[in-house]
Each structure stands twice: as C-alpha cells, then as structure tokens.
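S.K.: Protein chains in written order, with this note's numbering: chain A, 1 to 185; chain B, 1001 to 1185.
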DNA sequence: GACAATACGGAGCGTGCGTTCCGGTTGTCA
DNA sequence: TGACAACCGGAACGCACGCTCCGTATTGTC
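(1) Closer than 7 Å by C-beta to residue 6(A): which residues in its own chain qualify, once you throw out the five before and the five after it? Chain order, please.
(2) Let me confirm a value: residue 144(A) is counted as buried when at least 16 other C-beta atoms fall within 10 Å, else exposed. Which label applies?
(3) What does residue 103(A) touch in chain B if you count any residue whose Cβ is under 9 Å from its own?
(4) Listing by chain order, which chain A residues have their CB less than 8 Å from the CB of residue 1135(B)?
(5) Hey, how far is the Cα of residue 1113(B) from the Cα of residue 1122(B)?
(6) Determine the direct distance from the alpha carbon of residue 1054(B) to that of residue 1036(B), and round the result to whole angstroms.
(7) Evaluate residue 1130(B) with the Cβ neighbour count: other Cβ atoms within 10 Å of its Cβ, from every protein chain shown; 16 or more gives buried, anything less gives exposed.
(8) Would you mind stating whether residue 168(A) and residue 162(A) have Cβ atoms separated by less than 8 Å?
(9) Have a look at residue 1062(B) and residue 16(A) and give me their C-alpha separation to the nearest angstrom.
(10) Any chance the segment 1083-1094 of chain B sits against the segment 1023-1041 of chain B, with 3 or more Cβ pairs inside 8 Å?
(11) When burial is assigned at 16 or more other CB atoms within 10 Å of the CB, is residue 1134(B) buried or exposed?
(12) Express the C-alpha separation of residue 9(A) and residue 205(A) in angstroms, rounding to a whole number.
(13) By the criterion of Cβ-Cβ separation under 9 Å, what are the contact partners of residue 206(A) in chain B?
(14) So, with DSSP's three-state summary, where would you put residue 139(A)?
(15) Nearest-angstrom Cα distance between residue 78(A) and residue 174(A)?
(16) Can you tell me whether residue 177(A) is helix, strand or coil according to DSSP?
(17) Could you tell me how far apart the beta carbons of residue 30(A) and residue 106(A) are, in whole angstroms, since I believe they sit closer than 8 Å?
(18) Identify the continuous alpha helix (DSSP H) that holds residue 1165(B) and give its terminal residues.
(19) Can you list, in chain order, the residues of the segment 1081-1101 of chain B whose Cβ is nearer than 7 Å to any Cβ on chain A?
(20) Give a yes or no on whether the minimum CB-CB distance between residue 1166(B) and chain A is below 8 Å.
(21) Around the C-beta of residue 117(A), are 16 or more other C-beta atoms found within 10 angstroms, so that it is buried, or is it exposed?
(22) Would you kindly check if the distance between the Cβ of residue 1012(B) and the Cβ of residue 1049(B) is under 8 Å?
(23) Using a C-beta to C-beta distance shorter than 8 Å, which residues of chain A count as neighbours of residue 1179(B)?
(24) Indicate whether residue 139(A) and residue 1151(B) have their beta-carbon atoms separated by less than 8 Å.
(25) DSSP three-state label for residue 33(A), please.
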C-alpha cells in the first residue's frame, strides 16, 4: 500500500479525485470510463487500484460516512440533546443532498459501505444521538435508529424530486418532535 | 383499435396483463423480454401493439393514476376535509407502495404519465383536497400541491427502504398537521 | 378451400457498461 | 546505465437491454 511506484501512487490519487467529483455529481450511475477519462487515465489503471467500480465507490464514500459518524460522536454529550439532534439531522440531509454519492450510499440499505464497519459506526452514533434526544423529551419515542435512517433516505428523495424546498424538511422535523399538540379539525 | 384480428386483440390483452404484473413487481426496471415471455408472446408482438416500453408502461399506469384522480374528486366536497385529506394521503401511499409501477410513475417528475393529461388531473385533484384541508385548518398552510407530491415520493422511498414501518408514515402525517404545539426541549 | 392481408416469433442489431487482457512504457535499484 | 519488475492505456470481451426485421403462421373473406 505504501511501497508503490511513484506514478502508481500519483495515478491512484488522480482516480480517487476524479471518482469523488464524478460520483458526487451523478452517483453510482456514472460510467467507469468517464471517471477514467476525467482522471486522464485508462480504464485498466482504475482496475489496477480498485477491484471493481463498487470498491472505488466505497473508497470515495467511506471517508464521508466516517466524518458523519465522528461528528455525531462529538455531539453525543452536548448540553441540549434536542437542538443538537435536529441540527445534526438537518445537516446530514443538506450535505447528502449536495452529493449524490452519499445519497446512493445511504439508499442502499443492505450492502456497500453500510455493511462495512463505517456504516455501523454511523448507525450507532446516530442511534445514540436519537436516544438522548428522546430521553430529553425532544423527539417522539416511537421511532428507533433504523426508522431514522429510513426517514433520511426519504428526505433525500424529496429533495431530489423537488430541489431546494427546505420547508419540506421542516415538515418531517416537526413530525419528529414529541407529540404534544392540541386537537385540530 | 377495434377492428383488430381476433388473435391480435387476444395478444394485446395478454401483453397488458403480463406488463401489469411485471411492472407492479419490479417497476420500469423489468426487461421487456421478460414481459413478452410472461405473456407467452414474442418481443415483436409487444412492439406491434405499443411503440415502446415507455408507452406500454404508461398504458399500464394510466388507469391507476386516473383512479386516484377520480377518487380524489369524489372526496372534494366531503364534510370533514381534514380527515378526508389524511385518509386519502395515506391510502395513496399504501396503494403505491404495493406497486412499484406506480412508485416509478410518481417518482418521474417531468415526463411519462405525468406530462400527459391523467397526471394533471391527479395533480389538480390532490391540490384541491389539500387546499380544502388547509382552509379547514387541518393542514399547515405553508405547503402546496407540488410539495405534497414530493412528500408522497419521499414516503414511498421510506417504505421501500424500511418496508412495513407504518409508524413512519405517521411522522409525516403529524408534521403535516396545522402547527399548534407547545414548546418542547 | 384458397388467397391476401395481417399478425406472430425470435433471431439479430446497435448501444452502453463493467471488466479483462496484453503489448508497450516507465520507474527503480543495483 | 542497463535490466527487470511494475505499471499503463485502451482495445476487446461478455452481457444485458431496447428495438427491428423478416420468414412463417394465422385469420378473415370470397
């Protein structure tokens, strides 16, 4: 991994950079040849460094997912669990909606970056944040971490269907708050 | 359309039935050859009756969308706009989540069955139902018909990601209600 | 019952994509 | 600097899919 030839290391970096850009724009749907061309490299070179397109995708996405997980862990002991939770929830969705790679990664429930360790870290950190917000009475108690991930995926679908409609995110956020309302017609 | 040969009419019906079944299961992703085989027919026969896979898909989906629109129109003058609206909202999502064809049709914002007349009918009827529920104070006023369609698409994404979690639909429904809540932590 | 007209089936075409293969090139190290 | 291993590019392969083409079969008519 480290005793690579200089040009190999250089090309690997170029491929990663190109993949990051291309995947961010079009998600997993981008053809691998496009990535190779964007990197100024042949398709074979991509496969020398990554065993498959999937693996390259994971390599690109893993970093971001880990960032999310770390961010969540850093907030685990914050003073106001409710506010912190909603801030985080919204931030994740906003970030992901700017990056189709992350959207695709989150939307693949069973496999990919989520089956690996980083996905579990994120999952755990998210559940922790949720649990604290629920314990503080800020979030309704009838959902769990898996439900929350599903809601994130749903919000990303909304954003893709109707780009730039932030107030729809507020609908979900309001729905997540502790139920404590007056009867309405 | 009516002066067809007997076998032609028979095959057309078989193709439609097969397409309905296959599209319902796997959405637009199902290969056309699979539909032909399921219908007991050659691929050429499918193309004799429908100019493209898209057209066949629309033919299958159109009926259902029209049903939805009609259903909404029938409820337009109901006594309790709020309850009627939420019932309808939930019913549409439940129906669609059992039928990937409808999911795919609703998720394609610009084209397909939605650009055609039936899509507009559905859109209009949905907006009408929403407006009445808002006028009755049952639904928050800061969303419109397009927002609602986006939310439906989002709910379908949630359902696909986490099948069978009905309570998540309730989160969105609660978020849609008129804002009238107590401050919470 | 025979003859057009119509419809059928499925092989085949074009395209796009993931992946592999290999002849040529480049970096490394003695 | 020479020689070998590592690496590179991109042509080519296999596959899947939408769609078309045409020899054959079926239907309606006289």
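Note that the Cβ used here is the ideal one computed from N, Cα and C, for glycine as well.
M.R.: In short, the structure shows the following:
(1) Within the same chain, no residue comes within 7 Å of residue 6(A) by CB-CB distance, once the 5 residues on both sides are set aside.
(2) That one is exposed.
(3) By Cβ distance, chain B contributes nothing, its closest Cβ being about 10 Å from residue 103(A), past 9 Å.
(4) Proximity of chain A to residue 1135(B) at the Cβ level (cut-off 8 Å) is not reached, the minimal Cβ distance being about 10 Å.
(5) Note that residue 1113(B) scores a pLDDT of 48, beneath 50, so its modelled location is shaky; the value from the coordinates is reported in the next line. Their backbone Cα atoms lie some 10 Å apart in a straight line.
(6) In a straight line, the C-alpha of residue 1036(B) is about 14 Å away from that of residue 1054(B).
(7) With 16 or more Cβ atoms within 10 Å of its Cβ, residue 1130(B) is classed as buried.
(8) Contact: yes.
(9) Residue 1062(B) and residue 16(A) have their alpha carbons spaced roughly 44 Å apart.
(10) The count of Cβ pairs closer than 8 Å, one atom from the segment 1083-1094 of chain B and one from the segment 1023-1041 of chain B, stays below three, leaving the stretches out of contact.
(11) Residue 1134(B) is classed as buried because its beta carbon has at least 16 other beta carbons within 10 Å across all chains shown.
(12) In the structure as shown, chain A begins at 1 and stops at 185. Residue 205(A) is therefore absent and cannot be evaluated.
(13) The structure shown has nothing for residue 206(A), since chain A only spans 1 to 185.
(14) In the three-state scheme derived from DSSP, where H, G and I count as helix and E and B as strand, residue 139(A) is classed as strand.
(15) Across the structure, residue 78(A) and residue 174(A) are spaced so that their CA atoms are roughly 21 Å apart.
(16) Note: residue 177(A) maps to strand in three-state DSSP.
(17) Contact check for residue 30(A) and residue 106(A): beta-carbon distance about 17 Å, past the 8 Å limit, so the pair fails to qualify.
(18) That residue, residue 1165(B), is in no alpha helix (DSSP H); it is neither H nor E in DSSP.
(19) Taking a C-beta cut-off of 7 Å against chain A, the contacting residues of the segment 1081-1101 of chain B are 1082, listed in chain order.
(20) False, the Cβ-Cβ gap to chain A never drops below 8 Å.
(21) Taking all protein chains in view, the Cβ of residue 117(A) is surrounded by fewer than 16 other Cβ atoms within 10 Å, so the residue is classified as exposed.
(22) Contact flag set, yes.
(23) Near residue 1179(B) (Cβ distances below 8 Å), the residues of chain A are 174.
(24) Contact flag unset, no.
(25) Here DSSP, grouped into helix, strand and coil, assigns residue 33(A) to helix.
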